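Please read the structure below before turning to the comments.
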Amino acid sequence: MGKYPDREKAEQILREAEERNPGPWGNHSRTAAHCAEKIAEHAGMNADKAYVLGLLHDIGRRFGKRHLGHVSDGYSYMMSLGYDEVAQICLTHSFNQKKMEGYVGKFDTSEEETELIRTKLAEAQYDDYDRLIQLCDAISGAEGVMNIIDRMSDVKRRYGDYDPGKWNANLALKEHFEQRMGMDLYEAVEKDRFRPGLKVYRCQESDWLLSEEAFELYAPCMYQPTFEKYAGKMMEYLSDSAVRIYVCERGGSRAGILVLDCSREEAVILGIAVSEACRGCGVGQYLIRGATQSEKLKTVTAQTDDDAIGFYRKCGFRDEETSEEYPNGTVVRYICTLSLETGN
Ligand SMILES: [Fe+2]
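Sequential numbering from -4 applies to the sequence shown in the working numbering.
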């Protein structure tokens, strides 16, 4: 009893399972892991354990598209690896009322599997980790954290029904953990900031920033890029304490760079680029949001052209059009401004 893998092993188990059965459930699981970890931190619970349990609660999906079947599949799989505590979560996460009735989805289990779920559920003693993952399941979407009512309504729409007892039990879980944490649930899980698979951090690794790899990533936002030009600029940035460089990782590899001049109250975006493979995945938007929040900025400005104005508008910037005269014609430029509300 009491067994679960460490974070690294758990992430590996999820990746392998996703390869066997790709789908939005992978990022749903990552969102659940993030929420579980954050709530655990604020509630004085074991955050690593919460993260791993959240990450693996739906691991039964490894074996294909099943409804109730994913519960018994997950339970048996985790038991076979000796991860008893995860096995229990695979079982209990779908039953916040500790009974099979009220399960939202199809009963697609064999008699044997149904019996297994029924027996183990009756034996299970729920603790706050079972309750935590039930709650996290109810707020975790594949794109990020959802409002609990929106998520339950969404499930209701997809399945045609949602057991009212289960609905109310989820709301009670939200209240239980809010009380335990002494704070708002969505604030604790950084609802509007978190995106599964993406990570933003300030990068000060000069070795990497002066590498070919970094140059290739950043080149699309430079005018007539060459490595020499890039390296020169980057050295300037690195020696200027008002310039902050942020990197966004997606699925563990670097997918975007943002260079910000924070010398004045209105910070200025000096450059932002996202790798070709990751465009349209929200990396740029996530980078700006992560950097502005970590720098506690109130206003960010940028200048751009017709090619990138759509991106800035999507990120919530307002813009003003100006035109500049060049020897070979007029160029339309946009001055973009993003105002950030405090506490957001
Ligand atoms: Fe789930």
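For glycine and all other residues, C-beta sits at the position ideal for the given N, C-alpha and C.
These figures come from a predicted structure and were not determined experimentally.
Nearest in C-alpha terms to Asp156, of all of Asp314, Ile264, Tyr98, Leu205, is Tyr98. Between the beta-carbon of Pro0 and that of Val66 there is about 19 angstroms, and that puts the pair past the 8 angstroms contact cut. Close CB contacts of Met217 within its chain, under the 6 angstroms cut and outside five residues either way in sequence, are absent. In this structure, the C-beta of Ala31 stays at least 7 angstroms away from each heavy atom of ligand 1. Pairing Glu14 with Val327, the inter-Cα distance amounts to about 46 angstroms.
Distance check between His23 and each of Asp301, Asp43, Val269, Leu9 places Leu9 closest, using alpha-carbon atoms only.
In its chain, beyond the 5 residues on either side, Val327 have a beta carbon closer than 7 angstroms to the beta carbon of Asp301.
Here DSSP, grouped into helix, strand and coil, assigns Glu36 to helix. The bridge partners DSSP lists for Gly324 are Tyr321.
Straight-line measurement puts the Cα of Glu170 at about 14 angstroms from the Cα of Asn91. In terms of Cβ geometry, Tyr241 and Arg274 do not form a close pair [threshold 8 angstroms]. Relative to ligand 1, the beta carbon of Asp202 is positioned no closer than 7 angstroms to any heavy atom. For the 8 angstroms CB-CB criterion, Val269 and Gly285 do not form a contact. Segment contact: the segment 180 to 199 against the segment 243 to 253, three or more CB-CB distances shorter than 8 angstroms; contact assigned. For the pair Ser236 and Ala137, the Cα-to-Cα distance works out to about 37 angstroms.
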